[in-house]
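Undergrad:
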Amino acid sequence: MIVVEGVRFTYSGGVEALRDVSLTVKDGEFVAIMGQNGAGKTTLVKHFNGLLKPSKGTVRIDGVETTKTSIAKLSRTVGFVFQNPDHQLFSETVEEEIAFALKNFGFEEEVIQKQITWALNLLSLTQYRKTSPFMLSGGERKRVALASVLAWDPQILIMDEPTIGQDHEQKEKLRQFIVQLQAQEKTVVIVTHDVEFVAECNPRVVLMKEGKIVADGKGKDILTNIEALAQSSIVLPQIAQIFTQLAPLGLSRNVIDIYEAKDILLQAWEKRRT
Amino acid sequence: MSVFDGLKFRKVYSPIHNLDPRIKFIYVCAVFVAAILFGSILPLSALFLMQLPFVFLARVQRQWLRSLRGALFLAVFIFFTNFIFSFINAGYVIVASNVEFAAAMTLRFVVLVESFSVFFLTTSPDLLGLALEESHVPYEFSFAFTTAVRFVPVLAEEAQTIMDAQKARGLELEKGNFMKRIRNYIPVLIPLIVSAIRRSLELAEAMESRAWGATKKRTNLYGLTLHKGDFVLLGITMAILVVAVYVLLFVPVPTLTKLFL
Amino acid sequence: MAVIETRNLSYTYPGATKPSISDVSLKVEKGDFVLITGPSGCGKTTLCRCFNGLIPHFYQGELKGEITVAEKDVTKHQTHEMAKHVGLVFQNPENQLFALSIEKDVAFGLENLGFSREEMRKRVDWALNLTGIYDLRERSPHEVSGGQQQRVAIASVLAMQPEIIVLDEPTSFLDPLSAEKIFQVIHELNQTLGMTVVLVEHRLDLTARYANHIIIMDEGKVCSDGETREILSAEETRIIGVGIPKATLLYKLLGNEGMNLGDVTPLSSEEMAKLLLEAFGQR
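Protein chains in written order, with this note's numbering: chain A, 251 to 524; chain B, 309 to 569; chain C, -7 to 275.
1) In angstroms with no decimal places, state the Cα-to-Cα distance between C/Asp210 and C/Lys36.
2) Please confirm whether C/Ile206 and C/Val81 have their CB atoms less than 8 Å apart.
3) Rounded to whole angstroms, what is the Cα-Cα separation between A/Glu419 and C/Gly7?
4) Rounding to the nearest angstrom, what Cα-Cα distance links A/Pro453 and A/Val439 in this structure?
5) Within this structure, are the beta carbons of C/Pro168 and C/Leu191 separated by less than 8 Å?
6) So that I know if they touch, is there some Cβ in chain A lying closer than 8 Å to that of C/Gly235?
7) When DSSP builds the beta bridges, which residues end up paired with A/Met284?
8) Quick check on C/Phe107: does DSSP put it in helix, strand or coil?
9) Starting from the Cα of B/Ile386, find the closest Cα among B/Ile402, B/His325, B/Ala411 and give me that residue.
10) With a Cβ-Cβ cutoff of 8 Å, do A/Glu450 and A/Gln333 count as a contact?
11) What residues are listed by DSSP as bridge partners for C/Gly3?
12) Flag A/His297 as yes if its beta-carbon sits less than 8 Å from any beta-carbon of chain F, otherwise no.
13) Under 8 Å, Cβ to Cβ, is there at least one residue of chain B near C/Thr67?
14) Leaving out five residues on either side along the sequence, give the residues of the same chain with a beta carbon under 7 Å from the beta carbon of B/Phe453.
15) In terms of residues, what are the limits of the alpha helix (DSSP H) holding A/Gly500?
16) Cutting at 7 Å between CB atoms, please list the residues of its own chain near A/Val394, excluding the five before and the five after it.
17) Contact criterion: CB-CB distance below 8 Å. Does A/Gly461 meet it with respect to chain C?
18) Does the beta carbon of C/Pro154 come closer than 8 Å to any beta carbon on chain A?
19) If you compare alpha carbons, which of C/Leu92, C/Gly53, C/Gly45, C/Phe90 is closest to C/Lys76?
20) Grab me the residues of B/Val421's own chain with a C-beta within less than 6 Å of its C-beta, minus the 5 sequence neighbours each way, in chain order.
21) Rank B/Glu516, B/Phe539, B/Leu529, B/Val426 by C-alpha distance to the C-alpha of C/Ile47 and give the top, closest one.
22) At which residues does the alpha helix (DSSP H) containing B/Met487 begin and terminate?
23) Are C/Thr184 and C/Leu224 close, meaning C-beta to C-beta below 8 Å?
24) Skipping 5 residues on each side, what residues in its chain have a beta carbon closer than 7 Å to that of C/Val144?
25) At the 8 Å Cβ level, is C/Phe82 part of the contact set with chain A, yes or no?
26) What is the C-beta distance between A/Val445 and A/Val485, in whole angstroms, given that I count them as a contact (C-beta under 8 Å)?
27) Taking B/Ala464 as the query, report the chain A residues whose CB atoms sit under 7 Å from its CB, ordered along the chain.
28) Between the Cα of A/Thr437 and those of A/Lys306, A/Val328, A/Ile283, A/Leu373, spot the shortest distance and give me the residue it belongs to.
29) Is A/Gln405 close to chain B? Criterion is C-beta to C-beta, closer than 8 Å.
30) Does A/Thr413 pass the burial test, meaning 16 or more other C-beta atoms within 10 Å, or should it be called exposed?
31) Measure how close the beta-carbons of B/Leu373 and B/Phe417 come, nearest whole angstrom, since I'm counting them as under 8 Å.
32) State the start and end residues of the unbroken beta strand (DSSP E) segment that holds A/Thr292.
33) At which residues does the beta strand (DSSP E) containing C/Val190 begin and terminate?
34) Examine chain C for any beta-carbon lying closer than 8 Å to the beta-carbon of A/Ile348, and answer yes or no.
35) Applying a beta-carbon distance threshold of less than 9 Å, which residues of chain C neighbour B/Tyr335?
36) Which one of A/Ile252, A/Val253, A/Arg269 has the shortest CA to CA distance from A/Glu460?
As structure tokens, then:
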């Protein structure tokens, strides 16, 4: 469980990136943190594994204050996948890459081997076990980075902009993967500005603006709230955009899913014909 | 984070910063030559004090003091080497003129180093790059210089991100003995180097796509023109050289020892 | 008149075992706004680099077939020659800007081409104004946002006044709002200057509405090539796994269930909303 209470954070250059932020993420939740560039999203999630420590207020992971423990210890529970996998990859083989964190955390050799096999399998990378990560394509490297973080089975997984540069199919696979993680009762937090992706996942959405949380609720409700989104400079998902313009038809505006949209429109169409 | 802050290129405006770097460079060379010509403490002190108005006008006192601190180690070393040798030569006796000589050598070193330090502290990289382009240095070199300066803050941020990413995988940079600590930096250095190589490739593509190498006669959007201040500085430089040569030839400079003992 | 024409174009990178693009034949007319899309690895990036000569001159490797851009055989003209006719904007904003001030960056290409200072000044100011970044001209590239950096990159290409501008996933690293601004700038260039635009993108929901011509690639080959509305409403397109705009998809789903909204496939939420309002008799 992640508990953030009254956190303020100022960068050494004097920029106040977080202004009195409070948030609770329960075990097993799926949260998308959204907002404009500079709203403080990445700054906030970097507090979850201790990379940043609050200037004021507290951040507690499973009851332990982040200022009272090390990044390495926090990382056992909180896995952080960075935006650019090339910022992490450095080993000669994919196997070594995945083993890196496991060795750092002091796992035993047999456990390490077991976890590597499991992680490779989970992300369909088994055939690349002995391949150099630098020889793989962009999408594959992203999976290696993800595998190397999942390998130690953290309870909480944070992903910073996981959909950047991904094509439609890759995003769909990612979405399904998150569903899998949820089934394993993992807590998933993503930082993103991809509204369409969030619309398809429909998680809890936390909207940030200028260092504060301005909205927090079910994806469907937040992503159809025009005022809130406009304030945070976020574009409505396309389905919601369509329904906003259908006001004269008196239909619900609370729609982000395309199949739900289809059903609503077909129903209204039937009604009209009768 | 703070280590990298100092590397961020900031545009500064001051009368000294706006001077033509080429003229400033000529001035610095003149000071350099004068410092070599003189070996006694009075003229060297004069050369040292002459830099202060520049430092204060350009408002770079803090950085200048920091660079002085940096030179301190070598300066002390030079002082003691000179002193010990002359001490031994004089038969293990402390002779005032020897001490003065050692101090003069040290001061010469400081003036030589500081004159260049002042030059770099009071010249912003973009003007420096422009000066390089305007002088007949091959364009490849001035381009390499400005591109390097342009990317220093980018690389610094990337280094920080990479460190964070690896720390998030349990890497503990502060732990372990000396050897272990060096090995700990491999997961930081490799991604940094790979990224730098990738970046160079992308830059090269962009350069090619914008007609790099189209003609040998490359033109420049900006030009450096000399202003009043530059001519004043040029005048000062000539004056220094003339006075220096005159003093060297015609004025016997007394040493402090002779004056006070 | 075709400004880009390829015939059976195939290319293999040096050291690669199979070609990145094979047997690509396409035509781009003057003034077209072409969208090139397809799953990752389909060869769209490789194709872009053929258009301005980076392939074969910079990348070496094996190029087969014919390619003519701006009436020039690319294999016979150096990249710096092609640069006068085709501008290429890349994915990563940071890695296209070299200078210490934005206007110097915009002038980079012109300096390389040996333009006079007065002419450069005129063109630089023109390009800065077109992309809406004139006020940023003295700032350093690192100080501005990713979206602004991309506009600098576009301005620096514009300054050379090419007939064709090719953009390879220019908004990958940008948030949707900044991306939208970029697309509007590009749309303007196409409409008011008549520039031919070749845009490689995944985000069809934001870009399909601007394109009159779409090319879909998969595994190095061209799968579909034609008018945007036609291609995006075709069944094959959905199978390839390209991110069809939700508006278009909804239109198709409704059509499949018997709700016919007309023949014109919508490409944006506005178009779809209009069709629905008309269908329900509310316009």
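Where is the CB? At the ideal position from N, CA and C, for every residue including glycine.
A quick note: this is a predicted structure, and the numbers were derived from the prediction, not measured.
TA: Inspection of the coordinates gives the following:
1) 9 Å
2) No, these two residues do not count as a Cβ contact at 8 Å.
3) 28 Å
4) 10 Å
5) no
6) yes
7) DSSP output for A/Met284 lists A/Leu457 as bridge partner(s).
8) C/Phe107 falls in the coil class under three-state DSSP.
9) B/Ala411
10) no
11) The residue you asked about is not Gly; residue 3 of chain C is Tyr in the sequence shown. Note: C/Tyr3 sits in a beta bridge opposite C/Ile13, C/Leu55.
12) The displayed structure is made up of protein chains A, B and C, and chain F is not among them.
13) no
14) Gly437, Leu440
15) It is not in any alpha helix (DSSP H) - A/Gly500 carries neither H nor E in the DSSP assignment.
16) Pro335, Leu339, Val344, Glu347, Leu375, Pro383, Leu386
17) Output row for A/Gly461: interface = no.
18) no
19) C/Gly45
20) Within the same chain, B/Val421 has close Cβ partners Ala379.
21) B/Glu516
22) Here the alpha helix (DSSP H) through B/Met487 covers 486 to 492.
23) no
24) Leu89, Ile94, Asp97, Val98, Ile125, Pro133
25) no
26) 6 Å
27) Result: empty, since nearest Cβ-Cβ is about 13 Å, beyond 7 Å.
28) A/Val328
29) no
30) buried
31) No, B/Leu373 and B/Phe417 are not in contact; Cβ-Cβ is about 17 Å, not under 8 Å.
32) Note, A/Thr292: premise wrong, no beta strand (DSSP E); alpha helix (DSSP H) at 291 to 295.
33) Element bounds for C/Val190: 188 to 192.
34) Contact of A/Ile348 with chain C is not assigned, every C-beta pair being separated by 8 Å or more.
35) Within 9 Å Cβ-Cβ: nothing; B/Tyr335 doesn't reach chain C, min ~24 Å.
36) Out of A/Ile252, A/Val253, A/Arg269, A/Arg269 has the C-alpha closest to the C-alpha of A/Glu460.
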